[in-house]
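Written out below as structure tokens is the structure these notes cover.
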Amino acid sequence: MNEALIKQHIKQYKDGIFKQVQHSTLLKYTGAPVIDEERLFFTLLPLFNGEEWDESQSKSAIAVTLIFSALAAHDLVKELNATTKEQQLQVLAGDYYSGKYYQLLASDKQLDLIQQLSDGVATISEQKTRFYDRQLYSFEEIIQSIQLIESKSIEQLYEYYSFHEYVFVMKESLLLIALKRELEAYEKGGKPFYISKSSQLQANINLLQVEIEKVESLLKEEITNSELLQDQLKGLLLDKLMRCTLEKQLREG
Amino acid sequence: MDKMKLKLLYSDLKSDLEIIEKELAVAVNSSSHLLNEASLHLLLAGGKRIRPVFVLLAAKFGNYSIDSIKSVAVSVELIHMASLVHDDVIDDAETRRGRETVKAQWNNRVAMYTGDFLFANAIEYITDLQNTYAHEVLSQTMVELCIGEIIQIEDKHYLEQTVRDYLRRIKRKTAILISASCELGAIASKADVKTVNHLKRFGYYVGMSFQIIDDILDLTSSDEELGKPAGSDLAQGNITLPVLFVKNDPAIEPLLSDILAGTISDTNRQILLTKIRESDGIERAKQISNIYLQKALDEVKQLPANSAKKSLQNIALFMSKRKF
Numbered sequence: 009m010n011e012a013l014i015k016q017h018i019k020q021y022k023d024g025i026f027k028q029v030q031h032s033t034l035l036k037y038t039g040a041p042v043i044d045e046e047r048l049f050f051t052l053l054p055l056f057n058g059e060e061w062d063e064s065q066s067k068s069a070i071a072v073t074l075i076f077s078a079l080a081a082h083d084l085v086k087e088l089n090a091t092t093k094e095q096q097l098q099v100l101a102g103d104y105y106s107g108k109y110y111q112l113l114a115s116d117k118q119l120d121l122i123q124q125l126s127d128g129v130a131t132i133s134e135q136k137t138r139f140y141d142r143q144l145y146s147f148e149e150i151i152q153s154i155q156l157i158e159s160k161s162i163e164q165l166y167e168y169y170s171f172h173e174y175v176f177v178m179k180e181s182l183l184l185i186a187l188k189r190e191l192e193a194y195e196k197g198g199k200p201f202y203i204s205k206s207s208q209l210q211a212n213i214n215l216l217q218v219e220i221e222k223v224e225s226l227l228k229e230e231i232t233n234s235e236l237l238q239d240q241l242k243g244l245l246l247d248k249l250m251r252c253t254l255e256k257q258l259r260e261g
Numbered sequence: 244m245d246k247m248k249l250k251l252l253y254s255d256l257k258s259d260l261e262i263i264e265k266e267l268a269v270a271v272n273s274s275s276h277l278l279n280e281a282s283l284h285l286l287l288a289g290g291k292r293i294r295p296v297f298v299l300l301a302a303k304f305g306n307y308s309i310d311s312i313k314s315v316a317v318s319v320e321l322i323h324m325a326s327l328v329h330d331d332v333i334d335d336a337e338t339r340r341g342r343e344t345v346k347a348q349w350n351n352r353v354a355m356y357t358g359d360f361l362f363a364n365a366i367e368y369i370t371d372l373q374n375t376y377a378h379e380v381l382s383q384t385m386v387e388l389c390i391g392e393i394i395q396i397e398d399k400h401y402l403e404q405t406v407r408d409y410l411r412r413i414k415r416k417t418a419i420l421i422s423a424s425c426e427l428g429a430i431a432s433k434a435d436v437k438t439v440n441h442l443k444r445f446g447y448y449v450g451m452s453f454q455i456i457d458d459i460l461d462l463t464s465s466d467e468e469l470g471k472p473a474g475s476d477l478a479q480g481n482i483t484l485p486v487l488f489v490k491n492d493p494a495i496e497p498l499l500s501d502i503l504a505g506t507i508s509d510t511n512r513q514i515l516l517t518k519i520r521e522s523d524g525i526e527r528a529k530q531i532s533n534i535y536l537q538k539a540l541d542e543v544k545q546l547p548a549n550s551a552k553k554s555l556q557n558i559a560l561f562m563s564k565r566k567f
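From first to last, the protein sequence lines are chains A and B. Residue numbering for the first sequence follows the working numbering, starting at 9 and increasing by one per position. Residue numbering for the second sequence follows the working numbering, starting at 244 and increasing by one per position.
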């Protein structure tokens, strides 16, 4: 599938999701649900690679995106003093999107998928609390947590529909994108989501850079040599994943 | 509410409720130390477990088997627990049932993840029940619960709201989960459709009556009985049924404006509460609660005769007649 068509699909999905969860009060106070386009791209990767994609898979992909929107809404609740109307509704927005994903899959009679995805959400929530735990986790454990938080539900979607061979590229890509975002925000003096909460990451920024390079080279090789991915998609993926690095190199002269 | 007295009304469920309690402990068990601590903290805080009780009692009208209904009972209680954890963030509550809330002990974000974890486990648990209609009921309930909470925030401080607005709000906020507990218990035990519908309506009416009483008690109980300042709902901007009945009383109106604006002194709060207690607002609200209670009892009457029928009747009466 070419880039224009992919963009069109992503837009259609986003519109469909917005329609699914439209609520005037939430829209007014919390805005539209957060939909990470990169993640949506990877949710739909098998479709973009020409795999058969039916109505049920479409609904499941929307459900997975709603899960991430729900979790993202709760990430926007402040750690302290979440007393404004906007913040109160942010709590409810997350719960509402969660209810909607469950409702969507229940209406599609996808009980096994509901079971798997809910198990995944519980796991993601566990991993998120690691960043607040008194217990110290190793650098590797933190990276694993990030990967899980970023990709668990999509991995479950892939496994459910037997798209096992896409899992590696999706998981590593989403990890790479997340780590790059974190590092970039950190270097700009911002408050990246994971780094700001992990002393382990803060103390090992150089290790993070090494991890990024490692994942990037691994992915480059995997994608270039892949017999599964169509050439057009390979180019797009490489461009997407290496873009941040190029932009960074250009900025640094 | 006197938990001991309530427990006596369903003492024959004791061993099955112990199974549910053990199952709840398994359900909140987590690989994350913090989440484990937070969830256990919630579990130890107890609670009436009234929703699981309704699941079990409703299941008595079908082919009762604790193994086939325990996942439903655990699920509805987890949903209730999760919504309380998130509510405490919304209400900025420091304590609940005399214990520090998750958000107070850790922070809002941890409370969000704890609630998410519990909601997710609730859904996962009930997937043991391979009945798509049951999932449509529960998912609809979860969405409606949220909408109820959203409306509650919208309606805060809004004195022009009507009794109908209030009733619609408490339906979603409270009655629907109790109704779903009864309905799902009956579905899980394969009760006939007529019975399922009676139980569903029974749960709805009991839930309505219960919430009205809860709102009355917030105004009529002492600070000590409530474990928080009386009139807290009002101070947070939640306008409840007794207040709607007396909001235009000239002796009440100015004090009402002060409490809603957050500018009331403790002395004036007590004066306002006294005036509300002395008004006919409480009595009129009780009458509405009684209408729902009567409707609930009428639904029970139409159920087939068994031991659970009497228990449902007694619990409905207890919940709607409680003093605090």
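Cβ coordinates follow ideal geometry from the N, Cα and C atoms, glycine included.
*Should P497(B) go down as buried or exposed, given a rule of 16 or more other Cβ atoms within 10 Å for buried?*
Start at 1 with the first residue of the second sequence, and residue 497(B) comes out as number 254. Burial call: exposed.
*For G261(A), which three-state DSSP category applies?*
Counted from its first residue, the first sequence places residue 261(A) at position 253. Because the pLDDT of G261(A) is 49, which lies under 50, any placement of that residue in the model is unreliable, and the number read from its coordinates should be weighed accordingly. Note: G261(A) maps to coil in three-state DSSP.
*So is R411(B) in contact with chain A if we call contact Cβ pairs under 8 Å?*
Looking up residue 411(B) in the second sequence gives position 168. Judged by the 8 Å Cβ criterion, R411(B) is not in contact with chain A.
*Does any C-beta atom of chain A lie closer than 8 Å to the C-beta of M385(B)?*
As a working mapping, residue 385(B) is identified with position 142 in the second sequence. Put simply, the CB of M385(B) is near chain A, with a gap under 8 Å to one of its CB atoms.
_When S115(A), S204(A) and Y169(A) are compared against Q62(A), the one with the closest alpha-carbon_ = Along the first sequence, read from residue 1 onward, the residue named residue 62(A) stands at position 54. The identity of residue 62(A) in the sequence shown is Asp, whereas the question assumes Gln. Comparing Cα-Cα distances from D62(A) to each of S115(A), S204(A) and Y169(A), the minimum goes to Y169(A).
*Within 10 angstroms of the Cβ of G261(A), are there 16 or more other Cβ atoms? Answer buried if so, exposed if not.*
Position 253 of the first sequence, counted from the start, is the residue given in the question as residue 261(A). Its pLDDT being 49, under 50, G261(A) is placed unreliably in this model, and the value from its coordinates should be taken loosely. By the 10 Å Cβ count, G261(A) comes out exposed.
_Against chain B, does G198(A) count as a neighbour if the rule is that its beta carbon must be under 8 Å from one of theirs?_
Counting from one through the first sequence, the residue named residue 198(A) turns up at place 190. So, not an interface residue.
*Under the three-state reduction of DSSP, which class applies to T483(B): helix, strand or coil?*
In the second sequence, the residue the question calls residue 483(B) occupies position 240. Three-state result, T483(B): coil.
_Looking at the strands, I want to know which residues DSSP matches up with R342(B)._
Translated into the one-based positions of the second sequence, residue 342(B) becomes position 99. Beta-bridge annotation (DSSP): R342(B) is paired with R339(B).
_Within chain A, the residues that Q373(B) reaches when beta carbons sit closer than 8 Å_ = Reading the second sequence from its first residue, position 130 is the one you call residue 373(B). Think of a sphere of 8 Å around the beta carbon of Q373(B): the chain A residues whose beta carbon falls inside it are L119, in chain order.
*Would a check of beta-carbon distances place Y110(A) closer than 8 Å to chain B?*
Here residue 110(A) is taken as the residue at index 102 of the first sequence, counted from 1. Among the residues facing chain B, Y110(A) is included, as its CB has a counterpart in that chain under 8 Å away.
*Where does E60(A) fall in DSSP's three states?*
As a position in the first sequence, residue 60(A) is number 52, starting the count at 1. The answer is coil: DSSP assigns E60(A) none of H, G, I, E or B.
*asked:* Against F590(B), what residues of chain A qualify as contacts under a CB-to-CB distance less than 7 Å, listed in chain order?
replied: With chain B covering 244 to 567 only, the question about residue 590(B) has no answer from this structure.
*Does the Cβ of A431(B) have 16 or more other Cβ atoms within 10 Å, making it buried, or fewer, making it exposed?*
Working through the second sequence from its first residue, we reach residue 431(B) at position 188. The residue is buried, with at least 16 neighbouring Cβ atoms inside 10 Å.
*Relative to chain D, which residues along the region 186-215 of chain A have a C-beta separation below 8 Å, given in chain order?*
The chain inventory of the structure shown lacks chain D, comprising the protein chains A and B.
_Counting only beta-carbon separations shorter than 8 Å, does T92(A) have a partner in chain B?_
Looking up residue 92(A) in the first sequence gives position 84. For T92(A), the answer is no, since every Cβ of chain B falls outside 8 Å of its Cβ.
*Name the two residues that bound the continuous alpha helix (DSSP H) containing F176(A).*
As a working note, residue 176(A) is residue 168 in the first sequence. V175 to E195 is the span of the alpha helix (DSSP H), which, as asked, contains F176(A).
_Opening and closing residue of the alpha helix (DSSP H) in which P295(B) lies_ = Against the second sequence, residue 295(B) aligns to sequence position 52. I293 to A302 is the extent of the alpha helix (DSSP H) around P295(B).
*For A186(A), which of I154(A), K199(A), G198(A) and S206(A) has the nearest alpha-carbon?*
Sequence index remark: in the first sequence, residue 186(A) carries index 178 (1-based). Across the set I154(A), K199(A), G198(A) and S206(A), the C-alpha of I154(A) shows the shortest separation from the C-alpha of A186(A).
*Buried or exposed for H329(B), please, with buried defined as at least 16 other CB atoms from any protein chain shown within 10 angstroms of its CB.*
The residue given as residue 329(B) occupies position 86 in the second sequence. Flag for H329(B) reads buried.
*For the 8 Å Cβ check, are there 3 or more pairs between the region 312-330 of chain B and the region 447-456 of chain B?*
As far as the Cβ criterion goes, the region 312-330 of chain B does not touch the region 447-456 of chain B, which means the pair count is below three.
_Own chain residues within Cβ distance below 8 Å of S475(B), not counting five before or after_ = Locating residue 475(B) in the second sequence gives position 232, counting from the first residue. Counting only Cβ-Cβ distances below 8 Å, and skipping sequence neighbours, we find D461 and L469.
*In chain order, what residues of the same chain have a beta carbon less than 8 Å from the beta carbon of A377(B), not counting five sequence neighbours either side?*
Position 134 of the second sequence, counted from the start, is the residue given in the question as residue 377(B). Spatial neighbours of A377(B) in its own chain (CB-CB distance under 8 Å, excluding positions within 5 residues in sequence) are listed in chain order as V315, I369, L427, I430 and A431.
*When the Cβ atoms of the region 30-40 of chain A are set against those of the region 50-60 of chain A, are three or more pairs found closer than 8 Å?*
The region 30-40 of chain A is not in contact with the region 50-60 of chain A.
_Contacts of T137(A) in chain B (Cβ-Cβ under 7 Å)_ = Start at 1 with the first residue of the first sequence, and residue 137(A) comes out as number 129. Within 7 Å Cβ-Cβ: S275, L277, L278, V353 and Y356.
_Where C425(B) meets chain A, residues with beta-carbon distance less than 8 Å_ = Walking along the second sequence from the start, residue 425(B) turns up at place 182. Those within 8 Å of C425(B) in chain A number zero; the least Cβ separation is about 19 Å.
*Residue of T344(B), K291(B), G480(B) and Y535(B) minimising C-alpha distance to V449(B)*: For the purposes of this step, residue 449(B) is taken as residue 206 along the second sequence, with counting starting at 1. When only C-alpha atoms are compared, the closest one is Y535(B).
*What residues of chain A sit near D572(B), judged by a beta carbon separation below 7 Å?*
Nothing about residue 572(B) can be reported from this structure: the residues present for chain B run from 244 to 567 only.
*asked:* Is there a C-beta anywhere in chain B that falls below 8 Å from the one on K27(A)?
replied: Stepping through the first sequence from its first residue, residue 27(A) is reached at position 19. Taking 8 Å as the CB threshold, K27(A) stays off the interface with chain B.
*Examine the Cβ distances between the region 103-110 of chain A and the region 68-80 of chain A and report whether three or more of them are shorter than 8 Å.*
Cβ pair count under 8 Å is three or more, so yes.
*Can you tell which of F147(A), S161(A) and Q118(A) has the C-alpha that lies nearest to the C-alpha of A130(A)?*
Sequence index remark: in the first sequence, residue 130(A) carries index 122 (1-based). Put simply, of F147(A), S161(A) and Q118(A) the residue whose alpha carbon is nearest the alpha carbon of A130(A) is S161(A).
*Have a look at L402(B) and Y447(B) and give me their C-alpha separation to the nearest angstrom.*
Working through the second sequence from its first residue, we reach residue 402(B) at position 159. Working through the second sequence from its first residue, we reach residue 447(B) at position 204. Looking at the two C-alpha atoms, the distance is approximately 26 Å.
*Would you call the CB atoms of L560(B) and K552(B) closer than 8 Å?*
Position 317 of the second sequence, counted from the start, is the residue given in the question as residue 560(B). Position 309 of the second sequence, counted from the start, is the residue given in the question as residue 552(B). It is not a contact, given that the beta carbons lie outside the stated cut-off.
_Assumed close pair L191(A), Q217(A) - CB separation to whole angstroms, cut-off 8 Å_ = Along the first sequence, read from residue 1 onward, the residue named residue 191(A) stands at position 183. Along the first sequence, read from residue 1 onward, the residue named residue 217(A) stands at position 209. About 7 Å separates the two Cβ atoms, so the contact holds.
*Would a C-beta distance cut-off of 8 Å place L74(A) and V29(A) closer than the cut-off?*
Here residue 74(A) is taken as the residue at index 66 of the first sequence, counted from 1. Here residue 29(A) is taken as the residue at index 21 of the first sequence, counted from 1. Against a cut-off of 8 Å, the Cβ pair of V29(A) and L74(A) comes out as a contact.
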